[in-house]
Amino acid sequence: MEDSIRAFFARYERLFTQALAGEADMEEVAALYAPEFIAASPAGVRAGRNDDQLRQAMAQGYAHYRAIGTKAMTIREIRLSPMDALHCLAHVGWRAVYDRGEAPDVTIDFEVHYLVQILDGTPRVFGWVTGDEEALLKQHGIL
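Numbering-wise (our numbering), the sequence shown opens with residue 54 and increments by one.
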């Protein structure tokens with residue numbers, strides 16, 4: 054399970070990098086997610102479907118990241134907490150770098166907790182828990 058999940062998140066990171074360059078293949082990005090998913094943050098808990106609305110929201114999210122100067126999103130570490138043979142909680146430490154124009158770049162470390170299911174050998178995210186991204190970006194002068 055560990056090798057499969059680590060390879061999955063290496064792909065996730067690569068696709069995020071492509072999206073920051075404006076070269077996202079939204080079908081490939083959507084394939085990272087289960088048919089249904091849940092998301093939790095300080096804004097609340099939401100459930101959704103892996104459909105055209107998700108692809109559109111993700112494309113808008115990547116455009117937002119580019120607009121605020123996000124130039125890199127890399128994985129610092131991955132800690133796995135297996136639940137059973139098919140499910141695990143992946144604690145992923147990310148490092149984001151923001152272009153501030155004339156000012157020095159800003160680097161922000163944060164963590165996202167992903168619920169991952171492996172069916173037929175294929176990992177997919179079926180949920181995630183995040184902190185208050187907007188507050189963190191404001192704290193660092195990005196927003």
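The beta-carbon is built from N, C-alpha and C at its ideal position, and this holds for glycine as well.
Output yes or no for whether 8 angstroms exceeds the beta carbon distance between residue 181 and residue 168.
Result yes, Cβ atoms of residue 181 and residue 168 sit closer than 8 angstroms.
Check the DSSP bridge columns for residue 169 and list the partner residues they point to.
Note: residue 169 is bridge-paired with 141, 178 in the DSSP secondary-structure output.
For residue 150, the nearest candidate out of 122, 173, 139 (CA to CA):
It is 122 whose Cα lies nearest to the Cα of residue 150.
Between which two residues does the alpha helix (DSSP H) carrying residue 79 extend?
In this chain, the alpha helix (DSSP H) harbouring residue 79 covers 79 to 83.
Residue 161 at chain B interface by Cβ criterion, 8 angstroms
Here chain B cannot be found, since the structure has a single protein chain.
Are residue 127 and residue 148 closer than 8 angstroms when you measure CB to CB?
The beta carbons of residue 127 and residue 148 sit closer together than 8 angstroms.
Short of 7 angstroms in beta carbon distance, which residues of its chain neighbour residue 87, apart from the five on each side in sequence? Order them along the chain.
Same-chain partners within the cutoff: 103, 170, 177, 178, 179.
Can you tell which of 63, 146, 106, 175 has its C-alpha closest to the C-alpha of residue 84?
Measuring from the Cα of residue 84, the nearest candidate turns out to be 175.
When you compare only the Cα positions, how much space is there between residue 163 and residue 144?
Between the C-alpha atoms of residue 163 and residue 144 there is a straight-line separation of about 10 angstroms.
First and last residue of the uninterrupted alpha helix (DSSP H) at residue 190
Judged by DSSP secondary structure, residue 190 falls within the alpha helix (DSSP H) whose first and last residues are 186 to 192.
Whole-angstrom distance between residue 187 and residue 125, CA atom to CA atom
When rounded, the distance between both Cα atoms is 18 angstroms.
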